[in-house]
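First comes the structure, then the notes that go with it.
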Amino acid sequence: MNVTQFFSEHSSEILRATLEHVWLVGATMLLAVAIGVPLGIIVARKPWLSKPILGSANVAETIPSLALLGFLLPIPWLGDRADRVAITALTLYALLPIIRNTAAGITGVDLAVREAARGMGLTPRQILFQVELPLSVSTILAGVRVATVLTIGIATIAAAVGAGGLGEFIFRGLAMVNDQLILAGAIPAAILALGADFLLSIMERVLRPAR
Amino acid sequence: MSDAAISGAIGEPIIEFRDVGYRLPDGQPLLGNINLSVRRGETLVLLGRSGAGKTTALRLINRLADPSEGEVLVEGRRTVDWDPIVLRRHVGYVIQDTGLFPHYTVEQNVSLVPRLAGWPELQIRERVLGLLALVGLDPGIFLKRYPHELSGGQRQRVGVARALAADPPVVLMDEPFGALDPLTRAEIRGEFQAVQKRLQKTIVIVTHDTSEALLLGTRIALMEGGGLKGLYTPQEFLQSKEPVAAAYAAQLHALANFERGR
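As they're listed, the protein sequences go chains A and B. For the first sequence, the numbering used here assigns the number 1 to the initial residue and increments by one for each residue that follows. For the second sequence, the numbering used here assigns the number 212 to the initial residue and increments by one for each residue that follows.
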């Protein structure tokens, strides 16, 4: 049985796993952006908080993924459902590039522009939302893009705690020494990663402010 | 009293510096013992070399910085008693690199402050058209352009229009023509004089260019090493015996002699 045949015979199963994978990654990215962008703003605004925030995000990055899932399992509410554990772990990995790029985007805003904004009487809030964030959008999106591609790959580990996704095929394939099963997980994951990278790179270009 | 006679029709003090000093957070002094008043309708030039404290003095007026000693008053009220946001919207501000928002069109840049102040849409529109015409830009061509699609001179004009947008009684200009080539610079200066004649704003300009100071200023405040060396009308400045002022004047004379010699 060749790979194409395998794919067509198991198409519904592969589709279900792919959708699970998309759900895991999508939920992770929503959370990571919701947490990472505000943290990035804090890093840019309050230099004394930048070390602890970036340091913690860095440390999270260095924990081996299987170990991180293991650490999260016994935590009361989180451990109740496998996808909660997986999404939490993935979010921790996705934070660093988003925090770093948000901070870089904001600190990269032209000093003259910021000075003019202050001098014109914009409040710090207005400077953030009307000047700094719009001018950082493409840099922030570049961070989101890196994080998304990274997350699509790491999310295959989620199957280890029973959270589903394309990792199921990979783990099964490894256990059964079946290359086709491994490919059934790896190929859609690679396609997802390429697709996400492509879409986000287009968004990045469209939203880049004129210079 | 004789001071008032010199400046003619010019009115009451609108900006005052009283024994003002300013230090950086690390204690390094940038300004000391500044006493100065700017009267309604006059154009005061802060002249001096780089590092003389001109820009710092300017930033004390719209509360981008607060004095470490003494006080700065705007319309009779200490700047530290003003809400900084209210004060800054009350005072126009033009800087050398214009600081136009690169993601906003000319129209959005100019209309920003009136919009924040909640003007009705129709009035904002009218105001933007009027201002662009005032600074010599055809609204039909420039309204929808982005700053990167403008020349240096055009950007500077938009910067001036933006500073005037909410019709502030006071306008601060930090090296407004500094980044321009000499010809464009002369052209915009001329237009600036014409505009000022019409609007009668109170203006404080920072420059290190002597001829610009003499051309534009009703009075010149000469600054050196964080202190105020003297206050002159353009006439007095040229005849001053004060060493620093005399050095500036001598440099102008040398240029004039060089031209005559050719």
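The beta carbon of each residue, even a glycine, is placed where N, CA and C say it ideally should be. These numbers were taken from a predicted model, which means no experiment stands behind them.
Start-to-end residues for the alpha helix (DSSP H) that takes in residue i
i	result
E470 (chain B)	P454 to G472
P240 (chain B)	No alpha helix (DSSP H) holds P240 (chain B); the beta strand (DSSP E) holding it covers P240 to R250.
K51 (chain A)	P47 to T62
A193 (chain A)	D179 to L207
I157 (chain A)	Unbroken run through I157 (chain A): none, as it is neither H nor E.
T267 (chain B)	K265 to I272
L343 (chain B)	E332 to L345
T254 (chain B)	Note, T254 (chain B): premise wrong, no alpha helix (DSSP H); beta strand (DSSP E) at T254 to L258.
Q319 (chain B)	V317 to L327
Q130 (chain A)	No alpha helix (DSSP H) contains Q130 (chain A), which DSSP labels as neither H nor E.
S65 (chain A)	S65 to L72
Buried versus exposed call for residue i [16 or more other C-beta atoms within 10 Å across all chains shown]
i	result
F403 (chain B)	buried
H21 (chain A)	buried
W48 (chain A)	exposed
A377 (chain B)	buried
L95 (chain A)	buried
I157 (chain A)	buried
M29 (chain A)	buried
V291 (chain B)	exposed
D230 (chain B)	exposed
G195 (chain A)	exposed
L433 (chain B)	buried
G108 (chain A)	exposed
L466 (chain B)	exposed
T4 (chain A)	exposed
F353 (chain B)	buried
Nearest-angstrom Cβ-Cβ length linking residue i and residue j, presumed shorter than 8 Å
i	j	result
L72 (chain A)	G79 (chain A)	7 Å
P295 (chain B)	R270 (chain B)	The pair is not a contact, with the Cβ atoms about 11 Å apart (cut-off 8 Å).
P325 (chain B)	I335 (chain B)	5 Å
I212 (chain A)	A57 (chain A)	No answer is possible for residue 212 (chain A): the residues shown for chain A start at 1 and end at 211.
V161 (chain A)	V37 (chain A)	That pair is no contact at about 28 Å.
V131 (chain A)	V113 (chain A)	6 Å
G211 (chain B)	L311 (chain B)	What the structure shows of chain B is the stretch from 212 to 473, and residue 211 (chain B) is not part of that stretch, so it cannot be assessed.
L439 (chain B)	R400 (chain B)	No, L439 (chain B) and R400 (chain B) are not in contact; Cβ-Cβ is about 24 Å, not under 8 Å.
V381 (chain B)	K408 (chain B)	Actually they are not in contact, since the Cβ atoms of V381 (chain B) and K408 (chain B) sit about 17 Å apart, beyond 8 Å.
L345 (chain B)	V406 (chain B)	6 Å
L375 (chain B)	G303 (chain B)	6 Å
Q367 (chain B)	T309 (chain B)	6 Å
V25 (chain A)	A155 (chain A)	5 Å
S65 (chain A)	G105 (chain A)	Going by Cβ atoms, the distance from S65 (chain A) to G105 (chain A) rounds to 28 Å, so no, they are not a contact pair.
D128 (chain A)	I35 (chain A)	Reading off the sequence, residue 128 (chain A) comes out as Leu, not Asp. Their Cβ separation, rounded to whole angstroms, is 17 Å, which puts L128 (chain A) and I35 (chain A) out of contact at 8 Å.
Bounding residues of the beta strand (DSSP E) (the contiguous stretch that carries residue i)
i	result
V417 (chain B)	T413 to T418
Y304 (chain B)	V302 to I306
R100 (chain A)	From DSSP, R100 (chain A) is part of no beta strand (DSSP E) but of the alpha helix (DSSP H) over A82 to T107.
L433 (chain B)	R430 to E435
G401 (chain B)	First-last for G401 (chain B): P393 to L410, but that is the alpha helix (DSSP H), not the beta strand (DSSP E).
G232 (chain B)	P224 to R234
V381 (chain B)	V381 to D385
V283 (chain B)	E280 to V285
T4 (chain A)	Looking at the DSSP string, T4 (chain A) is not in any beta strand (DSSP E); the run it does join, the alpha helix (DSSP H), is V3 to E9.
G438 (chain B)	G438 to Y443
Cβ shell of residue i (< 6 Å), same chain only, five flanking positions each side left out
i	result
A60 (chain A)	L92
A460 (chain B)	L449
R356 (chain B)	V317
K46 (chain A)	none
A82 (chain A)	V161, G162 and A163
Neighbourhood of residue i by C-beta distance below 7 Å, restricted to the same chain and skipping five residues each side
i	result
A457 (chain B)	S451
D214 (chain B)	With a pLDDT of 45 at D214 (chain B), under the threshold of 50, the predicted position of this residue should be treated as unreliable, though the coordinate-derived value follows. Cβ neighbours of D214 (chain B) beyond the five flanking positions: none.
L174 (chain A)	I182
V43 (chain A)	L49, S50, I53, L54, I99 and A103
A32 (chain A)	T91, A94, L95, I98 and A147
P243 (chain B)	This sequence places Gly at residue 243 (chain B); Pro is not what is there. Taken in chain order, the residues that qualify are G232, G437 and G438.
Same chain only: Cβ atoms within 8 Å of residue i, ignoring 5 sequence neighbours per side
i	result
E453 (chain B)	L433, K440 and G441
Hey, is the region 157-171 of chain A in contact with the region 118-130 of chain A, meaning 3+ C-beta pairs nearer than 8 Å? When C-beta atoms of the region 157-171 of chain A are compared with those of the region 118-130 of chain A, fewer than three pairs fall below 8 Å, so the two segments do not count as touching.
Counting pairs of Cβ atoms below 8 Å between the region 245-255 of chain B and the region 223-230 of chain B, do you hit three or more? With a cut-off of 8 Å, the region 223-230 of chain B and the region 245-255 of chain B count as touching, because enough Cβ pairs lie within range.
Is the number of C-beta pairs between the region 407-420 of chain B and the region 357-374 of chain B that are closer than 8 Å three or more? Between the region 407-420 of chain B and the region 357-374 of chain B there are fewer than three C-beta pairs closer than 8 Å, too few to call the two in contact.
Would you call the region 196-208 of chain A and the region 135-149 of chain A in contact, with 3 or more CB pairs under 8 Å? Touching, yes, given that three or more Cβ pairs across the two stretches are closer than 8 Å.
The region 232-241 of chain B touching the region 295-309 of chain B, judged by at least three CB pairs closer than 8 Å: Output reads no: the region 295-309 of chain B does not touch the region 232-241 of chain B.
With a threshold of 8 Å, are at least 3 pairs of Cβ atoms found where one atom belongs to the region 5-24 of chain A and the other to the region 182-192 of chain A? Yes: the two stretches touch, three or more of their Cβ pairs being nearer than 8 Å.
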